[in-house]
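**Student:**
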DNA sequence: AGATGCATGTAAATAGTTACATGATTCA
DNA sequence: TGAATCATGTAACTATTTACATGCATCT
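Protein chains in written order, with the working numbering: chain A, 2 to 180; chain E, 2 to 180.
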């Protein structure tokens with residue numbers, strides 16, 4: 002049901018189309034919850050049937066665009082999930098899995114891989130900081146995701162430091178080296 | 002294919018049974034990749050068929066226990082995945098999704114929820130630190146997961162700080178309060 | 001006129017969860 | 001002997017991905 006609540010959360014900020022939702026999943030929320038358009042559209046249909054969202058008729062633009070808004074039932078649902086649901090702690094992060102298994106390689110290859118990883122995370126951290134700052138300016142359309150970007154930036158920072166520490170540990174600085 | 006590589010990674014440290022693998026997913030690796038026993042057993046069968054693991058016959062203990070080890074093909078597979086595979090950055094973290102949507106609640110409820118979240122993350126950070134330190138002692142069976150625990154500890158620290166910052170922002174300290 | 005982006009969907013395949021079935025061993 | 005843990009699996013269900021189909025609008 003997580004996809005449903007991700008959608009409800011986005012729609013609680015502003016009515017949107019399936020296409021808009023897919024874009025939010027792609028950018029921004031993507032680090033936290035991502036979904037393809039082909040998963041979003043059927044879910045929207047089920048949500049209408051369940052009464053947690055409604056199609057907003059006035060906003061049907063030039064292209065056959067269908068905009069949805071959250072209903073009172075949906076808002077109540079979301080609130081209940083946020084306050085009472087217990088989550089299983091089982092994570093599933095492919096990038097992290099790979100990073101952790103990098104230690105299985107020979108020390109030289111592993112050190113190199115960790116250095117690359119650290120660089121990648123630093124870049125992502127910078128990106129998220131920029132988004133967070135943009136979201137922090139008054140009236141930005143990204144505003145509802147400011148916390149998500151801040152969260153992403155902090156996690157990427159932590160991962161960059163972790164990967165760098167792993168690299169340093171595997172390849173300790175040689176004393177009296179020519180460099 | 003991520004489950005396959007998680008299994009290969011664990012088996013590259015030491016031959017194990019499906020039951021052992023399930024336990025590693027539960028504890029330790031669970032924050033990074035988790036899987037139920039009912040998913041692991043069929044995957045092991047497929048992996049034997051693919052030749053990336055082999056059943057170690059000598060080790061079949063009292064209960065009908067089947068122990069698997071990584072094959073040369075499996076090791077090559079793992080190495081290739083670690084060094085060449087490109088990953089999609091799409092994440093899926095239900096706990097984080099909920100945390101981020103917490104901002105949708107009224108400020109008072111949200112602040113309370115963030116404080117609870119921060120406490121939860123602090124606890125998990127402490128747990129991971131303990132595991133990391135245990136894994137860091139020579140000869141510990143947890144040794145292959147030391148990096149995973151360190152990673153988990155760092156992420157939990159970052160999340161605790163994030164949640165605390167969010168809580169503080171929502172409920173700024175009242176000046177001249179009675180406390 | 002052709003490329004690109006907007007926009008919504010369906011169908012088939014893979015991945016993951018939940019519920020259940022089975023039986024052995026160890027410990028109180 | 002009864003409960004807990006070890007140990008392996010199957011079946012049904014839900015979630016997610018990938019590939020495809022369709023068509024309109026805008027820009028070059």
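Ideal Cβ positions, reconstructed from N, Cα and C, are used throughout, including at glycine.
1. Does the distance from the C-beta atom of residue 68/A to that of residue 53/A stay below 8 Å?
2. Would you mind giving the Cβ-Cβ distance between residue 119/A and residue 164/A, rounded to the nearest angstrom? I have them listed as a contact below 8 Å.
3. Report yes or no: is there a C-beta of chain E within less than 8 Å of the C-beta of residue 84/A?
4. Spell out whether any CB of chain E is found under 8 Å from the CB atom of residue 131/A.
5. Bridge partners for residue 34/A per DSSP, in chain order?
6. With a cut-off of 8 Å, do at least 3 Cβ pairs link the stretch 131–138 of chain A to the stretch 121–133 of chain E?
7. What ranges does the alpha helix (DSSP H) occupy inside the stretch 71–154 of chain A, keeping only unbroken runs of at least 4 residues that lie completely in it?
8. Using a Cβ-Cβ distance cut-off of 8 Å, determine whether residue 99/A contacts chain E.
9. With DSSP as the reference, label residue 57/A as helix, strand or coil.
10. Thinking just about the alpha-carbon of each residue, which of 123/E, 166/E, 92/E is nearest to the one in residue 153/E?
11. So, at 8 Å on beta carbons, what are the nonlocal neighbours of residue 103/E in its own chain, with the 5 sequence-adjacent residues on each side left out?
12. Please name the residue, chosen from 49/E, 33/E, 14/E, that lies closest to residue 141/E on a Cα-to-Cα basis.
13. Are the beta-carbon atoms belonging to residue 8/A and residue 94/E less than 8 Å from one another?
14. Helix, strand or coil for residue 48/A, going by three-state DSSP, please let me know.
15. So which of 40/E, 45/E, 2/E, 144/E has the shortest CA-CA distance to residue 18/E?
16. Residue 12/E and residue 71/E - do their beta-carbons sit closer together than 8 Å?
17. Less than 8 Å between CB atoms is the rule here; does residue 77/A satisfy it with respect to chain E?
18. When burial is assigned at 16 or more other CB atoms within 10 Å of the CB, is residue 37/A buried or exposed?
19. Cα separation between residue 85/E and residue 74/A?
20. Beta carbon of residue 155/A, beta carbon of residue 170/E: below 8 Å?
21. Closest by CA to residue 83/E, which one among 78/A, 99/A, 92/A?
22. Could you check what DSSP says for residue 2/E in three-state terms: helix, strand or coil?
23. By Cβ distance below 7 Å, which residues in the same chain neighbour residue 79/E in space, the five residues on each side in sequence not counted?
24. Does residue 162/A get closer than 8 Å to chain E when you measure Cβ to Cβ?
**Tutor:** Checking against the coordinates, here is how it stands:
1. The sequence position of residue 68/A within the first chain is 67, counting from 1. The sequence position of residue 53/A within the first chain is 52, counting from 1. No.
2. Sequence index remark: in the first chain, residue 119/A carries index 118 (1-based). Sequence index remark: in the first chain, residue 164/A carries index 163 (1-based). Sure, about 4 Å apart at Cβ, within 8 Å.
3. Within the first chain, residue 84/A is the residue found at index 83, counting from 1. Answer yes: the Cβ-Cβ gap between residue 84/A and chain E drops below 8 Å somewhere.
4. Locating residue 131/A in the first chain gives position 130, counting from the first residue. No - not a single Cβ of chain E is within 8 Å of the one on residue 131/A.
5. Position 33 of the first chain, counting from 1, holds the residue named residue 34/A. Looking at the DSSP assignment, residue 34/A forms a beta bridge with 93/E.
6. no
7. 73–85, 95–102, 108–137
8. Numbered from its first residue, the first chain carries residue 99/A at position 98. Cβ-Cβ to chain E under 8 Å: yes for residue 99/A.
9. Position 56 of the first chain, counting from 1, holds the residue named residue 57/A. Looking at residue 57/A - three-state DSSP - the assignment turns out to be strand.
10. Numbered from 1 along the second chain, position 152 holds the residue referred to as residue 153/E. Taking only the C-alpha atoms, the option nearest residue 153/E is 123/E.
11. On the second chain, position 102 is the one that residue 103/E refers to. Answer for residue 103/E: 111, 114, 115, 118, 167, listed in chain order.
12. Start at 1 with the first residue of the second chain, and residue 141/E comes out as number 140. Comparing Cα positions, the closest option is 14/E.
13. Your numbering for residue 8/A matches position 7 in the first chain. Your numbering for residue 94/E matches position 93 in the second chain. Taking 8 Å as the Cβ cut-off, residue 8/A and residue 94/E do not qualify as a contacting pair.
14. Taking the first chain and counting its residues from 1, one reaches residue 48/A at position 47. The answer is helix: DSSP assigns residue 48/A an H, G or I state.
15. As a first step, residue 18/E is located in the second chain; it is residue number 17 there, counting from the start. Measuring from the Cα of residue 18/E, the nearest candidate turns out to be 45/E.
16. Along the second chain, read from residue 1 onward, the residue named residue 71/E stands at position 70. Along the second chain, read from residue 1 onward, the residue named residue 12/E stands at position 11. Taking 8 Å as the Cβ cut-off, residue 71/E and residue 12/E qualify as a contacting pair.
17. Mapped onto the first chain, residue 77/A falls at position 76. No, no contact with chain E.
18. Position 36 of the first chain, counted from the start, is the residue given in the question as residue 37/A. Residue 37/A comes out exposed.
19. Reading the second chain from its first residue, position 84 is the one you call residue 85/E. Reading the first chain from its first residue, position 73 is the one you call residue 74/A. Cα atoms of residue 85/E and residue 74/A: separation of roughly 47 Å, rounded to the nearest angstrom.
20. Position 154 of the first chain, counted from the first residue, corresponds to residue 155/A. Position 169 of the second chain, counted from the first residue, corresponds to residue 170/E. Their beta carbons are not under 8 Å apart, which means residue 155/A does not touch residue 170/E by this criterion.
21. Mapped onto the second chain, residue 83/E falls at position 82. If we check each option's Cα against that of residue 83/E, 99/A comes out closest.
22. Here residue 2/E refers to the residue found at position 1 when the second chain is read from its first residue. Residue 2/E: coil per DSSP, three-state reduction.
23. The residue labelled residue 79/E in the question sits at position 78 within the second chain. 6, 9, 10, 13.
24. The sequence position of residue 162/A within the first chain is 161, counting from 1. It does; some Cβ of chain E falls within 8 Å.
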